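Visitor:
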Ligand code: ASP
């Protein structure tokens with residue numbers, strides 16, 4: 004079993020070689036010719052969205068490398084950006100909505116097909132853990148708004164102010180720049196939801212997704228991230244997928260469920276991500292300007308990662324290291 008020390012050491016070495024942004028050819032060389040996304044069987048492994056995925060993967064790897072479950076790994080993993088005020092699209096420090104309130108969405112799903120979710124929840128830094136409680140301690144899947152906050156309070160989660168000074172400043176700037184043509188859509192760089200899928204040493208899959216949603220969104224708006232089958236989906240017989248980007252486009256195509264269903268039909272994770280993104284392109288009637296990206300893993304440990312636009316990055320953590328990768332893109 005790979006130790007955490009070895010994982011970090013290899014990661015550091017790869018980071019030093021590739022500056023955590025290794026070119027594919029360089030990476031293939033370092034890894035003995037295996038390209039990514041790859042086609043060889045391997046586990047455990049964890050994939051997550053964007054650059055905050057690197058630190059999240061480390062926490063997930065701590066669980067996986069100790070023989071822990073994929074479910075425990077994805078929860079521990081995404082809790083890292085949830086608690087980090089510098090990550091302004093997830094949890095504490097997330098950018099607020101149009102009324103300057105931080106409202107959070109999250110969901111989690113395990114290998115047994117059970118799932119939990121909270122949406123439009125305010126005042127709780129770790130919505131992923133509240134979602135896990137919904138999954139494990141109720142017969143429900145989704146609890147939203149004041150009900151979700153009340154549920155969190157009753158389960159002993161501490162209520163906290165999640166709006167940081169920096170996020171408030173950004174909101175003020177947005178407010179000052181608003182015009183009657185404002186469409187409530189944030190600049191592209193604010194797409195930074197963390198979605199994570201993991202395959203553990205026993206071959207079980209789990210996924211988690213957590214976000215503060217689109218910056219400066221309409222108060223009450225909920226995106227794809229807490230919706231099972233949109234922001235994330237797991238079927239232990241097939242694979243798991245998670246999404247980031249324009250949530251509305253993902254919801255309208257049941258994105259993560261679609262990726263998993265395409266894998267069930269025999270497509271590789273990479274091809275499944277491609278087909279699901281092509282569906283979005285088709286439904287949007289042309290060449291969408293927004294970003295959507297999917298990450299996916301199947302039971303054999305093959306992975307997929309693809310986005311509509313340039314710029315998406317994902318973090319891949321496995322025995323040989325933890326790396327930030329530039330995704331391929333379609334448009
Ligand atoms: N998918 C998220 C949402 O629509 C946003 C993102 O990934 O940046 O709420």
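Residue numbers (the numbering used here): 4 to 334.
Beta carbons: idealized from backbone N, C-alpha and C, even for Gly.
These numbers were taken from a predicted model, which means no experiment stands behind them.
When you compare the CB positions of residue 48 and residue 321, do they come within less than 8 angstroms of one another, or not?
Guide: Result yes, Cβ atoms of residue 48 and residue 321 sit closer than 8 angstroms.
Visitor: Roughly how many angstroms separate the alpha carbons of residue 75 and residue 179, rounded to a whole number?
Guide: Their backbone Cα atoms lie some 42 angstroms apart in a straight line.
Visitor: For the beta strand (DSSP E) containing residue 154, name the first residue and the last one.
Guide: Where residue 154 is concerned, there is no enclosing beta strand (DSSP E), although the alpha helix (DSSP H) it sits in stretches over 148 to 157.
Visitor: Closest by CA to residue 87, which one among 233, 78 and 97?
Guide: For residue 87, the nearest C-alpha among the options comes from 97.
Visitor: Would you mind working out which of 324, 248, 288 and 282 sits nearest residue 313, comparing C-alpha positions?
Guide: Measuring from the Cα of residue 313, the nearest candidate turns out to be 248.
Visitor: Are the beta-carbon atoms of residue 143 and residue 94 separated by less than 8 angstroms?
Guide: It is not a contact, given that the beta carbons lie outside the stated cut-off.
Visitor: Is it the case that the Cβ atoms of residue 219 and residue 177 are separated by a distance below 8 angstroms?
Guide: In this structure, residue 177 lies closer than 8 angstroms to residue 219 by Cβ.
Visitor: Looking only at C-alpha atoms, which of 202, 174 and 208 sits nearest to residue 221?
Guide: The shortest C-alpha separation from residue 221 is found at 174.
Visitor: Measuring alpha carbon to alpha carbon, tell me which of 153, 323 and 279 ends up nearest residue 61.
Guide: Measuring from the Cα of residue 61, the nearest candidate turns out to be 323.
Visitor: For residue 90 and residue 55, I'd like the C-alpha separation in whole angstroms.
Guide: Cα to Cα, the separation comes out at about 7 angstroms.
Visitor: Can you have a look at residue 161 and say buried or exposed, based on whether 16 or more other CB atoms are within 10 angstroms of its CB?
Guide: Under this definition residue 161 is an exposed residue.
Visitor: Here's the rule: buried if 16 or more other CB atoms are within 10 angstroms of the residue's CB, otherwise exposed. What is residue 149?
Guide: Its Cβ having fewer than 16 others within 10 Å, residue 149 is exposed.
Visitor: Out of 224, 158 and 205, state which residue places its alpha-carbon closest to the alpha-carbon of residue 107.
Guide: Per the Cα distances, 224.
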